[in-house]
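The next block holds one structure in the form of structure tokens; read it before the comments.
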Amino acid sequence: MRIFVTGATGFVGSAVVNELLQAGHEVTGLARSDNGAAQLSAAGAQVHRGALEDLDSLRRGVEAADGVIHTAFIHDFSKFKENCEIDRGVVGALSAALAGSARPLIVTSGTALLAGPALATEERRAGASASLPRVASEEAVDAAAGQGVNVSALRLPPSVHGAGDHGFVPMLIKLARDKGVSAYIGEGANRWPAVHRLDAARLYRLALEYGSNPHRRWHAAAEEGVRFREIAEAIGRGLKLPVVSVAPEEAAAHFGWFAHFAAVDNLCSSAYTRRLVEWEPRQPGLLADIENAASGYFGD
22 MRIFVTGATG FVGSAVVNEL LQAGHEVTGL ARSDNGAAQL SAAGAQVHRG ALEDLDSLRR
82 GVEAADGVIH TAFIHDFSKF KENCEIDRGV VGALSAALAG SARPLIVTSG TALLAGPALA
142 TEERRAGASA SLPRVASEEA VDAAAGQGVN VSALRLPPSV HGAGDHGFVP MLIKLARDKG
202 VSAYIGEGAN RWPAVHRLDA ARLYRLALEY GSNPHRRWHA AAEEGVRFRE IAEAIGRGLK
262 LPVVSVAPEE AAAHFGWFAH FAAVDNLCSS AYTRRLVEWE PRQPGLLADI ENAASGYFGD
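Numbering (my numbering), first residue to last: 22 to 321.
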């Protein structure tokens, strides 16, 4: 198949590109810079110049594709709601370009949209984007599905880990270095699902090759829920720093804008996903990966 990938040079997207190429697919990746184009060429992918804000460039990228994987997102939290609406428009443009065909579109979303004490499963729907801006992408998926587009959402956990990670775990490591302690909130019993980037990449490929998902949701949760206290303890060991509990009322002062994510409880199942496409994670779990020197979480 000829696959068009957005976010093709990102932490997750670059792994998806390699996974697709190794499986024998042809890949064209979206690149907005010369460096990104060079990275894609070096990986063996074709280059399509464009940007998320340029919807015409996205439509042109879809023209010759047999399927599309959308992993790109503008990670500027100071404009989070605006960027979520941009993503809604991107999903709409990609879907419109695929209308009238059976060509699949996989859209990236997040399991944290289903945060809460109850087990999050694939059939559960998130709330409205008025209260959770990131839901905009899934609302766009549902709108496209209602128009007959072969579209589904792949929900990533709060931690997609592995060498090159620049997400939430590195943020926690930097915070621990700055504060001199590795902290958790209260008892630290809240849980984060997690997945290694290579296992996530394989699920993108399997979901694309499956072709149609009547539930229109996939969960890339290799681990249902790692307790946040255990994550803080692994970071404390790695940095040789004390591990402390922060009272809920002091969380904002310690974690800043990250306090919401540090408190998220997001127990998440991937049983349906595993059964449907026979996806079995093979890579190390989150705690083992943090402590694996080769992953580089603590530098040299």
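Built from N, CA and C at the ideal position, the CB exists for glycine as well. Quantities reported herein were computed from a predicted structural model and do not represent experimental measurements.
(request) Count the other C-beta atoms from every protein chain shown that fall within 10 angstroms of the C-beta of Glu159, then say buried if there are 16 or more, exposed otherwise. (result) Per the 10 Å Cβ criterion, buried.
(request) Could you tell me which of Met192, Leu175, Ser173 and Ala174 sits nearest to His182, measuring between CA atoms? (result) For the options Met192, Leu175, Ser173 and Ala174, the alpha carbon positioned closest to that of His182 is the one of Met192.
(request) Out of Ala166, Ala141, Gly207 and Pro305, state which residue places its alpha-carbon closest to the alpha-carbon of Val265. (result) Its Cα nearest to that of Val265, the residue Gly207 stands out among Ala166, Ala141, Gly207 and Pro305.
(message) For Leu308, which residues in the same chain have their Cβ closer than 8 Å to its Cβ, ignoring the five residues on either side in sequence?
(response) Within the same chain, Leu308 has close Cβ partners Val247, Glu251, Ile252 and Ala255.
(message) If you reduce the DSSP assignment to three classes, tell me which class His240 lands in.
(response) Of the three classes helix, strand and coil, the one that applies to His240 here is strand, per DSSP.
(message) Check whether the region 159-168 and the region 113-130 touch, using three or more Cβ-Cβ pairs below 8 Å as the test.
(response) Touching, per the Cβ criterion.
(request) Check each candidate in Arg218, Ser152, Ile311 and Thr49 and name the one with the smallest Cα separation from Gln67. (result) Comparing Cα positions, the closest option is Thr49.
(request) Look at the alpha carbon of Ser150 and the alpha carbon of Gly113, and state the distance between them as a whole number of angstroms. (result) Their Cα atoms are separated by approximately 16 Å.
(message) DSSP three-state label for Ile95, please.
(response) The answer is coil: DSSP assigns Ile95 none of H, G, I, E or B.
(message) Quick check: the Cα distance between Cys105 and Leu224, rounded to an integer number of angstroms?
(response) Here the alpha carbons of Leu224 and Cys105 stand approximately 23 Å from one another.
(message) Which of the three DSSP states is assigned to Gln304 in this structure?
(response) Residue state, collapsed to three classes: coil.
(request) Could you tell me the boundaries of the alpha helix (DSSP H) in which Thr294 lies? (result) Segment Ala292 to Val298, the alpha helix (DSSP H) holding Thr294.
(request) Report yes if the CB atom of Ala284 is closer than 8 Å to the CB atom of Asn211, and no otherwise. (result) Cβ distance < 8 Å, so Ala284 and Asn211 count as in contact.
(message) Would Leu73 and Ile95 qualify as a contact pair, given that the criterion is a beta-carbon distance under 8 Å?
(response) Yes, Cβ-Cβ distance for Leu73 and Ile95 is below 8 Å.
(message) Rounding to the nearest angstrom, what Cα-Cα distance links Ser122 and Asp97 in this structure?
(response) The C-alpha of Asp97 is placed about 34 Å away from the C-alpha of Ser122.
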